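Asks: In our numbering, the protein residues as written are 32 to 443. By construction, the Cβ of each residue, glycine as well, lies at the ideal position given by its N, Cα and C atoms. Note that the coordinates shown come from a computational prediction; the quantities given were computed from them, not determined experimentally. The structure that follows is given in the form of structure tokens.
Set out below in structure tokens:
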């Protein structure tokens with residue numbers, strides 16, 4: 032969600048006087064103390080399955096080792112805030128915006144995907160004391176025990192595979208361990224949940240992608256794909272799959288969310304839904320005509336923001352901050368996020384739910400604005416009566432269990 036101007040800067044801001052403590056989950060009972068919540072949170076391994084942060088790392092001048100203010104830097108994840116919030120790591124995304132499905136477009140996407148993988152590998156090489164590359168499920172705990180942030184690599188949108196299934200092996204060798212076929216627009220691999228269907232689910236090469244991911248030992252990700260893609264993935268895959276950053280249609284009827292029957296089907300095959308915090312998928316958020324017009328004008332003034340100069344990017348962020356102050360955004364809250372999370376847990380159980388907040392890709396709600404706040408999810412789950420073992424599963428145990436099953440199937 033992402034490389035264009037609005038996508039890179041889709042974070043919105045609350046008024047200066049608004050404080051996060053006013054947005055504790057209404058669904059909760061008595062919240063445990065922050066001290067108790069943080070103590071439990073620090074004892075468990077915490078992984079987020081959808082960090083779009085590599086798109087931010089690629090920006091000129093951005094330093095992931097320094098504390099950045101989400102209100103001014105348009106960045107939600109860095110090492111200091113991960114430590115502050117108790118986020119051990121997660122899946123760092125190779126995202127490529129869908130473009131033309133022409134030979135030229137595919138070549139451009141192929142190069143863009145590989146270069147984004149390079150961004151992640153360079154981040155690891157520059158900061159070996161801060162990050163560790165995880166290639167197997169068991170690597171995560173070892174890396175976290177060393178005080179480093181865990182870096183699994185993932186692909187969102189298989190457009191950069193350029194219709195060549197064999198390229199998936201190249202990405203596997205680069206470190207990728209999770210792949211999703213499609214994004215906002217239907218492509219050569221699969222139908223998108225937010226676009227017109229072309230294939231009735233997976234395309235012929237999309238089905239080959241499922242088989243190749245199984246062979247290599249790569250987790251399959253349904254997020255952004257149509258319901259029919261999920262159905263077919265569950266039928267074809269020899270290992271469990273996940274939805275790395277999705278929501279519950281029973282709470283808010285949006286194409287990006289999964290209905291209860293499909294959540295049950297996902298769980299029945301051992302899969303996991305990782306709950307996202309992208310506000311527009313959590314609830315209806317109508318914006319004023321004035322704000323929509325101002326955003327359109329700003330976007331038109333800064334096309335292709337990700338490839339522009341540092342000065343242009345700084346100017347855009349300053350203009351966006353002024354826009355948000357003049358035309359405040361209608362935003363989802365922590366309560367809205369928890370409603371989705373708790374619904375999924377109660378429907379399919381703690382063994383099949385996790386966290387994928389979509390940081391730096393549009394995620395973040397009032398009360399959960401950046402990585403420094405993720406401990407609040409643990410606090411809210413404690414208030415709902417979930418045990419430390421339950422919370423550990425939700426925060427990383429479940430996705431690692433899926434990864435181990437994927438690894439075992441590949442070895443056979």
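1. To which residues of the same chain is residue 155 closer than 7 Å at the C-beta, ignoring the five residues directly before and after it?
2. Can we say the region 424-434 touches the region 74-91, given the rule of at least three CB pairs closer than 8 Å?
3. For residue 319, count neighbouring Cβ atoms within 10 angstroms of its own Cβ and tell me buried if that reaches 16, exposed if not.
4. Taking 9 Å as the threshold (C-beta atoms), are residue 120 and residue 186 in contact?
5. Between which two residues does the beta strand (DSSP E) carrying residue 80 extend?
6. As an exercise, report each continuous beta strand (DSSP E) stretch of at least 3 residues that is fully enclosed by the region 103-166, in chain order.
7. Since residue 209 is in the beta strand (DSSP E), which residue starts that stretch and which ends it?
8. In three-state DSSP terms, what is residue 90?
9. Distance, Cα to Cα, residue 406 vs residue 142?
10. By how many angstroms is the C-alpha of residue 411 removed from the C-alpha of residue 61?
11. Taking Cβ to Cβ, would you say residue 258 is nearer than 9 Å to residue 294?
12. Throw me the rounded Cβ distance for the residue 363 and residue 316 pair, which I believe falls under 8 Å.
13. Let me know the secondary structure DSSP gives residue 55 once reduced to three states.
14. Determine the DSSP secondary structure at residue 184, reduced to helix, strand or coil.
15. Starting from residue 305, trace the beta strand (DSSP E) in both directions and tell me its first and last residue.
16. Around the C-beta of residue 98, are 16 or more other C-beta atoms found within 10 angstroms, so that it is buried, or is it exposed?
17. Starting from residue 278, trace the beta strand (DSSP E) both ways and give me its first and last residue.
18. Along the chain, where does the alpha helix (DSSP H) containing residue 381 start, and where does it finish?
19. From the DSSP output, in three-state form, read off residue 220 for me.
Replies: Walking through what the data contain:
1. 162, 164, 182
2. yes
3. exposed
4. no
5. 78-82
6. If one requires a minimum length of 3 residues, the beta strand (DSSP E) runs lying completely within the region 103-166 are 120-126, 162-164, in chain order.
7. Residue range 207-211 is occupied by the beta strand (DSSP E) that includes residue 209.
8. When DSSP states are grouped into helix, strand and coil, residue 90 belongs to the coil group.
9. 37 Å
10. C-alpha of residue 61 to C-alpha of residue 411: approximately 9 Å in a straight line.
11. no
12. 6 Å
13. Any reading at residue 55 is ruled out, since the residue's pLDDT is 42, under 50, leaving its predicted position unreliable.
14. Strand, per DSSP.
15. 303-306
16. Under a 10 Å Cβ-count criterion, residue 98 is classified as exposed, with fewer than 16 other Cβ atoms of the shown protein chains found around its own Cβ.
17. That run of the beta strand (DSSP E) goes 273-279.
18. Residue 381 -> no alpha helix (DSSP H), and no H or E assigned at all.
19. coil
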